[in-house]
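> Each number in this note's numbering corresponds to the 1-based position in the sequence shown with 573 added.
Glycine included, C-beta positions come from ideal geometry on N, C-alpha and C.
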Amino acid sequence: MRNTTSLITHLVATHPLPPAANALYEMILAGNGLFLRGHRNQLEVLFPIATHEIEGLPHVDTRIAPLVPRIPATLLTDMLRDARAYWNNPDGPLESLFHFSYDAEWHLAIPDQLRTAVSVQPRDLDHCPSYQSCLVEIHSHHHMSARFSQVDDEDETGFRIYGVCGNFHRQPQITFRVGLYGHFYPIPASLIADLPPDLQDTYLLNQHTRAYAE
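Take a look at the structure:
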């Protein structure tokens with residue numbers, strides 16, 4: 574059963590699920606909680622925003638599916654080189670913004686941007702082609718941790734994969750998540766990128782931490 578309100582579709586889960594609706598995203602009530610489903614060029618996602626057992630409804634499996642090859646490590650090395658240069662800027666550490674798009678091969682764009690020690694954004698968002706087309710957006714936190722801030726949550730309102738890198742003064746790290754119009758779900762770097770040897774994935778580090786605690 575599907576009910577559509579504005580650009581968001583509401584669906585009670587069946588098995589199998591019907592094809593994805595032509596909407597911004599779908600909210601799906603399933604036997605294991607409330608899920609969001611979205612699809613765009615090169616990316617399909619289905620992930621929970623609340624977990625709860627509901628008797629009589631089928632369970633739904635999380636699915637994060639980039640429909641492209643992984644970003645090559647060489648491009649992430651180029652990204653780190655630029656981010657480190659602005660970390661060592663004479664005027665103080667500055668954040669950097671990077672857009673990755675795929676068209677037969679991956680392309681890295683470094684848009685004209687407004688950088689500060691605690692924020693970064695395209696100088697003219699309405700006239701930034703790489704922002705409009707990119708599948709992956711990454712920004713740097715230089716010596717701060719590779720963790721999304723509340724400001725990041727408020728700014729990252731599109732439908733794409735977001736990344737943040739940081740901890741440059743020790744071991745550079747990166748964190749990835751899917752963003753679906755203000756809803757987020759963490760993912761391992763291996764879903765979208767081949768990391769260079771000097772860049773750690775915090776998703777794996779957090780997994781190890783949880784396993785040790787258990």
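(1) Could you spell out the range, first to last residue, of the beta strand (DSSP E) harbouring residue 710?
(2) Based on the DSSP secondary-structure assignment, which residues constitute the bridge partners of residue 598?
(3) Between the beta-carbon of residue 643 and the beta-carbon of residue 732, is there less than 7 angstroms?
(4) What's the C-alpha gap between residue 616 and residue 637?
(5) Among 611, 607, 606, which one has its Cα closest to the Cα of residue 595?
(6) Looking at the secondary structure, which residues open and close the beta strand (DSSP E) in which residue 623 lies?
(7) Is it buried or exposed, residue 599, if we count other Cβ atoms within 10 angstroms and call 16 or more buried?
(8) In angstroms with no decimal places, state the Cα-to-Cα distance between residue 701 and residue 708.
(9) Can you round the beta-carbon distance between residue 627 and residue 655 to whole angstroms, since I take them to be within the 8 angstroms contact cut?
(10) Determine the extent of the alpha helix (DSSP H) in which residue 647 is found, giving its start and end residues.
(11) In chain order, what residues of the same chain lie with their CB nearer than 8 angstroms to the CB of residue 716, ignoring the 5 residues before and after it?
(12) Using C-beta distances below 8 angstroms, list every residue in its chain close to residue 721, excluding the 5 sequence neighbours before and after it, in chain order.
(13) What does the alpha-carbon distance come out to for the pair residue 647 and residue 762?
(14) Comparing alpha-carbon positions, which option in 649, 695, 657 lies nearest residue 681?
(15) Who are residue 687's beta bridge partners in DSSP?
(16) Do you know whose CA, among 633, 691, 746, lies nearest residue 607's CA?
In short:
(1) Run containing residue 710: 709-713, per the beta strand (DSSP E) assignment.
(2) Beta-bridge annotation (DSSP): residue 598 is paired with 581.
(3) no
(4) A straight-line Cα-Cα distance of about 8 angstroms links residue 616 and residue 637.
(5) 611
(6) 616-624
(7) buried
(8) So the two alpha carbons sit approximately 14 angstroms from each other.
(9) Going by Cβ atoms, the distance from residue 627 to residue 655 rounds to 47 angstroms, so no, they are not a contact pair.
(10) 646-660
(11) Within the same chain, residue 716 has close Cβ partners 660, 666, 739, 740, 741, 742.
(12) 729, 735, 737, 748, 750, 757
(13) 15 angstroms
(14) 649
(15) DSSP lists 694 as partners of residue 687.
(16) 633
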